[in-house]
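Encoded as structure tokens, the structure appears first; notes follow it.
Numbering (this note's numbering), first residue to last: 109 to 263.
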């Protein structure tokens, strides 16, 4: 009989993928319920309201008991059983942020910053170079030949 391998490192945080999935669902419910805010208005009257919490990967990581977003990513790589669940949660966060920005629920600039930092989604800008609405014709030529022709014309 082969000797048993000694397990090195911490035991998994969750007993099963379903446990983690349930905790992720609880995070999204927590975000949807929001938090109670109390503040003074300009007339110094106390205003109470409920503000929805925008879900983020960092917020999810902390809610799941990890120290950082990178800890959750490491967990995903070490425990393949949890990979699909974490990938799905990541997609849910991204979808909620985009839908919230489109509907005006979240500030668009804040969502853009989160999408750039957490998802690497850089905004694209397209520059259309035209002249009076017409495209500019570009002629590609050999630089050496163009210099030779310019030198001969200058003589």
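Glycine included, every Cβ here is placed at the ideal spot set by N, Cα and C.
Can you look up residue i in the DSSP assignment and give me helix, strand or coil?
{"i": "residue 260", "result": "helix"}
{"i": "residue 156", "result": "strand"}
{"i": "residue 172", "result": "coil"}
{"i": "residue 146", "result": "strand"}
{"i": "residue 118", "result": "coil"}
{"i": "residue 253", "result": "helix"}
{"i": "residue 200", "result": "helix"}
Tell whether a beta-carbon distance below 8 angstroms holds between residue i and residue j.
{"i": "residue 164", "j": "residue 201", "result": "yes"}
{"i": "residue 228", "j": "residue 162", "result": "no"}
{"i": "residue 264", "j": "residue 123", "result": "With the chain covering 109 to 263 only, the question about residue 264 has no answer from this structure."}
{"i": "residue 205", "j": "residue 214", "result": "yes"}
{"i": "residue 135", "j": "residue 168", "result": "yes"}
Let me check understanding here. Comparing Cα to Cα, which of the options lies closest to residue i?
{"i": "residue 145", "options": "259, 159, 137 and 258", "result": "159"}
{"i": "residue 198", "options": "256, 213, 150 and 178", "result": "178"}
{"i": "residue 231", "options": "217, 243, 244 and 242", "result": "217"}
{"i": "residue 196", "options": "186, 261 and 181", "result": "181"}
{"i": "residue 148", "options": "245, 127 and 157", "result": "157"}
{"i": "residue 119", "options": "244, 256, 183 and 226", "result": "183"}
{"i": "residue 226", "options": "212, 166 and 186", "result": "166"}
If residue i and residue j are in contact, beta carbons under 8 angstroms, what's the gap, nearest whole angstrom?
{"i": "residue 132", "j": "residue 193", "result": "7 angstroms"}
With a threshold of 8 angstroms between beta-carbons, can residue i be considered close to chain E, or not?
{"i": "residue 205", "result": "Looking for chain E here will not work: only one protein chain is present."}
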